[in-house]
Amino acid sequence: MNIHPIFVHFPIAFLTIYAIMELLRFKVLVNNHSYNVFKKGLLLLGVAMSLPALSTGELAEEAFGQGQHDLIEVHAGFAVSTVRVFGVILFAYIIEKINRDQRLLKIKNLLHGTKIVSSVWKFATKIANLILQSPVLVALCFIGIILVTVTGALGGTLVYGPDVDFFTKFVYGLLF
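-13 is the number of the first residue of the sequence shown in my numbering; add one for each residue after it.
Structure representation (structure tokens):
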């Protein structure tokens, strides 16, 4: 039994909605605390739910992968790339949260225990700050939406064939 479709649609929805919300850079939205918490929650859920989607994708590949190995590998590569892009954004938000939240000060102090760890933390903070700057974040979200879309189109090709719709046929034609 292929349970991959049960798990895959949640990260697609959560990550797509998160990215669209991140791309809507209206001042009233960017400065709204509830909006920001909700959007970060979608990101966290999307990345977390991507892990079982990837795992069940591996199981589906083992069960149904005969004859479509190249297509499955490209689909899997785009899926992993999608999770990596959104995972980098989530990592940046987690670093930011630890650095700004006084309740998490103990964790931050614990992480600064040695000079090496302190240096790594400072470097991670610089990277996180760079990622969370508007142009970089917008670019990553745009790339993420493209990756989610291509991954979904390739998944549709695996299930329904390359001629299921114009977009799926277009993506398949570009890659194969």
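Where a beta carbon is used, it is the ideal one built from N, C-alpha and C, also for glycine.
Cβ-based burial, residue i [other Cβ within 10 Å; buried from 16]
{"i": "T165", "result": "Nothing can be reported for residue 165: it is not among the residues displayed for the chain, which extend from -13 to 162."}
{"i": "Y146", "result": "exposed"}
{"i": "P(-3)", "result": "buried"}
{"i": "S120", "result": "exposed"}
{"i": "I131", "result": "buried"}
{"i": "I81", "result": "buried"}
{"i": "L140", "result": "buried"}
{"i": "G159", "result": "exposed"}
{"i": "V71", "result": "buried"}
{"i": "M35", "result": "buried"}
{"i": "V16", "result": "exposed"}
{"i": "F64", "result": "buried"}
{"i": "H61", "result": "buried"}
{"i": "T100", "result": "exposed"}
Continuous alpha helix (DSSP H) stretch holding residue i: start and end
{"i": "V124", "result": "120 to 146"}
{"i": "G159", "result": "152 to 161"}
{"i": "F72", "result": "55 to 86"}
{"i": "L1", "result": "-10 to 9"}
{"i": "F50", "result": "19 to 50"}
{"i": "L15", "result": "13 to 16"}
{"i": "L90", "result": "Run containing L90: none; DSSP gives neither H nor E here."}
{"i": "T111", "result": "101 to 117"}
Test item: CB-CB of residue i and residue j under 9 Å
{"i": "E44", "j": "K25", "result": "no"}
{"i": "A78", "j": "I129", "result": "no"}
{"i": "G32", "j": "L10", "result": "no"}
{"i": "H(-10)", "j": "T42", "result": "yes"}
{"i": "I3", "j": "L28", "result": "yes"}
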